[in-house]
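Visitor: This structure is in structure tokens; I'll ask about it shortly.
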Amino acid sequence: MMSSSAAFLQWCVLLSLAVLAVSFVLIVVRIIIGPTLPDRILALDMLVAVGIGFIAVIGVKTSYYLYLDIAIALGLVGFLATVAFARFVLNRGRMELAQEESARSAEDPA
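Start counting the sequence shown at 13; every next residue gets the next number (the working numbering).
Structural data, given as structure tokens:
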């Protein structure tokens, strides 16, 4: 028979996994339907956060706390990926503005 604290921890782990699974499905839907690139990038960043949550909960469930180190490493990689995506979107926006300005100057020679 489990003690009340162990039963409570087991119940919290199962609830956490259920909430993370629902959020995972919703994030995947956001990635698929978009509609814009920044929406998809934000959803990918949230997917990394949910992955960190899954790893942390599994670490608590199995009492193998090395998983938390893996979660921290995934967080660092996710942060770097978000910065790279942000720079990509920023440079893409600058290129689109430059193309629009060059098209406007080509149409209006005066």
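Ideal Cβ positions, reconstructed from N, Cα and C, are used throughout, including at glycine.
1. Could you give the DSSP three-state label for residue 79: helix, strand or coil?
2. Helix or strand or just coil, what does DSSP make of residue 74?
3. In whole angstroms, give me the CA-to-CA distance for residue 84 and residue 96.
4. Please state the DSSP three-state secondary structure of residue 58.
5. For the alpha helix (DSSP H) that contains residue 35, what are its first and last residues?
6. Please return the same chain residues whose Cβ sits closer than 8 angstroms to the Cβ of residue 72, not counting the five positions on each side in sequence.
7. For the candidate residues 16, 81, 90, 18, whose alpha-carbon lies nearest to that of residue 62?
8. State the Cα-Cα distance for the pair residue 78 and residue 109, rounded to the nearest angstrom.
Guide: Straight from the coordinates:
1. One-based indexing of the sequence shown puts residue 79 at position 67. Three-state DSSP puts residue 79 in a helix.
2. Position 62 of the sequence shown holds residue 74. DSSP places residue 74 in helix when its eight states are reduced to three.
3. Here residue 84 corresponds to residue number 72 of the sequence shown, with the count starting at 1. Here residue 96 corresponds to residue number 84 of the sequence shown, with the count starting at 1. Distance from the CA atom of residue 84 to the CA atom of residue 96, rounded to whole angstroms, is 19 angstroms.
4. For the purposes of this step, residue 58 is taken as residue 46 along the sequence shown, with counting starting at 1. Three-state DSSP puts residue 58 in a helix.
5. Stepping through the sequence shown from its first residue, residue 35 is reached at position 23. Taken as a continuous stretch (DSSP letters only), the alpha helix (DSSP H) holding residue 35 covers 16-45.
6. Locating residue 72 in the sequence shown gives position 60, counting from the first residue. 21, 25, listed in sequence order.
7. Position 50 of the sequence shown holds residue 62. Nearest of 16, 81, 90, 18 to residue 62, Cα basis: 90.
8. As a working note, residue 78 is residue 66 in the sequence shown. As a working note, residue 109 is residue 97 in the sequence shown. Their Cα atoms are separated by approximately 47 angstroms.
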